[in-house]
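Below is one structure, written out as C-alpha cells, with a few remarks after it.
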Amino acid sequence: MEFYSEKQQIVAIIDVLKAKQLTLGLVPTMGALHEGHLQLVKKALNNNDKVVVSIFVNPTQFDNKEDLKKYPRTLKRDMDLLRTVSKDNIIVYAPTVDDIYEGKTVSQSFDFDGLEFEMEGKFREGHFNGVGTIVKRFFDIVKPDNAYFGEKDFQQLQIIKKLVEKFHIPVHVVGCEIHREASGLAMSSRNTRLKPAYKKAAPFIYKTLTAAKERFGTNSANTVLEWVENQFAKHDLLELEYFIVADAETLKPVKRKSNKKSYRAFIAVYADDIRLIDNIALN
Ligand code: PAF
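Under numbering that gives the first Met the number 0, residues 0 to 282 are what the sequence shown spells out, in order.
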C-alpha cells in the first residue's frame, strides 16, 4: 500500500494515475478508522480503479481544543486495517498540518446558503468553515472522480454537496448509509473514548431516534421533540444537546409537516465529555 505525507509526492502520483486515465475515489477521514470507514473504502474500491484515503485530524474544524488534543491518532493501526481491505489499490495520504496548510492554519470563510447555521453550526463555531477548507484542499490535490462521506455527518454531507456546486468542482459526492454497532450505536471514532457505563448507555440514542421516527408518523414534529426531550431529561448519564426534526434538504427545523417533503431527525448528546451525534430519515 502506498503512503504519502507530502503534498508534492501525492500530486506527482495523482498526475501519473490521471495520465493512465484511471478513475480515482477519495475517502477523507480523520483516522481512528472503524468498520464504518472501511465500508466507505470498500464502496470506493468497487467504483474506482484507485482509492485515496486521507488521514488527517484537521485542527481548523475543532472549536474545542481539548477535543482536538484527545482525538485518537492511530496511524499504524489504520494502515493495518486498510491493508486488510486492499493491498494494491489504496493510497494513503496523511499530511502534516504545516504541509497541507502551508504554515497558515486558518479556515477560509464560506457561504453555504444557510446550511452552516443549523444544528452543528450553532453548537460548533467555525466548524464547517474548517471542514470546507480542508475538503476543498483535498479535492484540489487529489482531483477525485468520486468522493465518499458517511451520512452520520448528514449536515456535513449536504455542505460538501453545496461546496462542490458553488465552486463547480468536478467530483461526484457519494453519501453512504450510517454503519452501526450491533447495539445500534452509530460507529464513530469517538466511541473508543467512552467509559464502560457510557458505552452501555449510548445505544439509547438510536433507540430513541427509532421510537421518534415511529411517533413522527402520527404526531407533530413538536410533540415528538417534547417526547424526546423528556426521555433524556429522565436519563441519568446522557445529556441531550439538541434534537431537531428538519427538512432533509434545507436542514431547517420543521414547523408544519407536508407529505411532499423528506424529513430527518438529528440529535447530539453528551456521554460524559464525549459528544455523540446521530440522525435518522423519518419518511
Ligand atoms: O468527517 C470527517 O471525518 C471530517 O470532517 C472530514 C470530512 C475528514 C474533514 O476533516
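By construction, the Cβ of each residue, glycine as well, lies at the ideal position given by its N, Cα and C atoms. These figures come from a predicted structure and were not determined experimentally.
In the structure shown, Thr28 falls within a strand segment according to DSSP collapsed to helix, strand and coil. Under the DSSP assignment, Val173 falls in the beta strand (DSSP E) whose first and last residues are 171 to 175. Going by DSSP, Ala270 is part of the beta strand (DSSP E) stretching over 262 to 270.
Proximity to Asp79 across Asp48, Val91, Ala264 peaks at Val91, based on C-alpha coordinates. Within the chosen limit of 7 Å, the ligand PAF reaches the beta carbon of Gln155 through at least one heavy atom. Residue state for Tyr92 is assigned as strand, using DSSP reduced to three classes. Note: Glu238 is bridge-paired with Tyr269 in the DSSP secondary-structure output.
Note: Ile54 is bridge-paired with Thr28 in the DSSP secondary-structure output. Spanning the alpha carbons of Ile158 and Asp110 requires a straight line of approximately 10 Å.
In this structure Glu228 is not in contact with Ala267, their Cβ atoms being roughly 13 Å apart against a cut-off of 8 Å. Among the bridge pairs identified by DSSP, Pro252 is matched with Ala245.
The Cβ atoms of Arg263 and Ile279 lie closer than 8 Å to each other. Less than 8 Å divides the Cβ of Leu114 from the Cβ of Lys161. Burial is judged here by how many other beta carbons sit within 10 angstroms of a residue's own beta carbon; Ser53 has at least 16 and is buried. Within 10 angstroms of the beta-carbon of Phe116 lie fewer than 16 other beta-carbons, which makes it exposed. The beta carbon of Thr207 lies closer than 7 Å to those of Val227, Gln230 in the same chain, with the five residues before and after it left out. Apart from the 5 residues on each side of it in sequence, Leu250 sits with its Cβ closer than 7 Å to the Cβ of Leu114, Glu117, Met118, Gln154, Gln157 in its chain, given in chain order.
CA-to-CA, the gap between Gly125 and Asp87 works out to about 37 Å. The alpha-carbon of Pro169 is positioned some 26 Å away from that of Thr104. Residue side-chain check: Thr28 places its Cβ nearer than 7 Å to a non-hydrogen atom of the ligand PAF. If you draw a straight line from the Cα of Asn46 to the Cα of Phe215, it is about 36 Å long.
It is roughly 34 Å from the alpha-carbon of Ser188 to the alpha-carbon of Lys256. Exclusion of the five residues before and after His33 leaves Met186 as the residues of its chain whose Cβ lies within less than 6 Å of its Cβ.
The beta carbon of Thr95 lies closer than 7 Å to those of Ser4 in the same chain, with the five residues before and after it left out. Residue range 1 to 3 is occupied by the beta strand (DSSP E) that includes Tyr3, with no alpha helix (DSSP H) assigned at that position.
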